[in-house]
Amino acid sequence: MKGKFNTTMLAVIAVMIAVVAVTTGFLPRVPIPGTGGYVHLGDIFVFFSAFAFGPVIGAIAGGIGCGLADILGGWAVWAPLTLVAHGVQGLVAGYFGKGKGVGGLVVAWLLGAICLVGLYFLGELLPVYGGFAGAVTEIVPNIMQALAGGIVGIPLVLLVRKAYPPIERIGLGQTWQEE
Numbered sequence: 157m158k159g160k161f162n163t164t165m166l167a168v169i170a171v172m173i174a175v176v177a178v179t180t181g182f183l184p185r186v187p188i189p190g191t192g193g194y195v196h197l198g199d200i201f202v203f204f205s206a207f208a209f210g211p212v213i214g215a216i217a218g219g220i221g222c223g224l225a226d227i228l229g230g231w232a233v234w235a236p237l238t239l240v241a242h243g244v245q246g247l248v249a250g251y252f253g254k255g256k257g258v259g260g261l262v263v264a265w266l267l268g269a270i271c272l273v274g275l276y277f278l279g280e281l282l283p284v285y286g287g288f289a290g291a292v293t294e295i296v297p298n299i300m301q302a303l304a305g306g307i308v309g310i311p312l313v314l315l316v317r318k319a320y321p322p323i324e325r326i327g328l329g330q331t332w333q334e335e
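Each residue of the sequence shown is one higher than the one before, starting from 157 at the first, in this note's numbering.
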């Protein structure tokens with residue numbers, strides 16, 4: 157990200173945090189028995205925000221949006237782990253995917269997904285999240301969640317880029333004018 161935070165970037169960050177929080181905590185989600193975790197649609201917009209706006213906005217929207225959903229949805233114990241896992245997911249996906257074509261987005265998605273699943277696994281080894289048994293139980297649901305995020309998030313960002321090309325400049329500290 158070049159430049160400083162400007163009004164446009166702050167507005168985009170706020171909107172993406174809200175979109176991620178709502179799609180994580182308030183749209184249909186699937187509880188994971190035995191661990192207290194759940195599978196959600198928020199990863200779609202964590203990946204979208206990272207690919208569309210870059211690593212900083214992706215990290216902030218992913219970490220704070222998903223963490224906020226945990227707090228507001230009654231899963232506050234998960235919020236610290238969620239903040240880190242989804243924040244790193246957005247950071248890595250945005251770093252490698254911003255401005256890239258389909259191939260680059262797939263690589264960025266894969267790297268972000270590996271970070272997400274790996275960080276959740278490591279964090280879930282803690283007894284509060286179920287220890288080793290809980291960590292193993294959550295692997296497949298976390299993979300499925302990240303997979304859904306890529307399957308929908310990649311085409312979504314490509315469609316938005318095509319419909320509104322100036323979106324490419326947001327996240328770079330630049331401004332634009334309507335065409």
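All C-beta atoms, glycine included, are put in the ideal place defined by N, C-alpha and C.
Is Tyr320 helix, strand or coil by DSSP? Correct three-state label for Tyr320: coil.
Span separating the alpha-carbon of Ala167 from that of Thr179: 18 Å
How would you label Ala170, buried or exposed, when you count the other beta carbons within 10 angstroms and need 16 or more for buried? exposed
In terms of alpha-carbon separation, which member of Gly246, Trp234, Val313 and Gly305 lies closest to Gly279? The shortest Cα separation from Gly279 among Gly246, Trp234, Val313 and Gly305 belongs to Trp234.
Below 6 Å CB to CB, which residues in the same chain sit around Gly210 once its five sequence neighbours on both sides are set aside? The residues are Met157, Gly250, Lys254 and Gly327.
Would you tell me roughly how many angstroms separate the C-alpha atoms of Lys318 and Leu312, rounded to the nearest one? 10 Å
Is Leu239 near Gly223, with beta carbons less than 8 Å apart? yes
To the nearest angstrom, how far is the alpha carbon of Pro321 from that of Ile200? The alpha-carbon atoms of Pro321 and Ile200 are separated by roughly 20 Å.
Does DSSP put Pro187 in a helix, a strand or coil? DSSP places Pro187 within a strand segment (E or B) once states are collapsed to three.
Proximity to Leu237 [Cα-Cα], best of Gly230, Val308, Gly219 and Gly290: Gly219
Would you decide whether Gly287 is buried or exposed? Buried here means 16 or more other CB atoms lie within 10 Å of its CB. exposed
Got a sec? Which residues, its chain only, sit under 7 Å from Tyr194 by beta carbon, not counting five neighbours each side? Arg185, Val186, Pro187 and Ile188
From Gln245 to Val284, what does the alpha carbon distance come to, in whole angstroms? 22 Å
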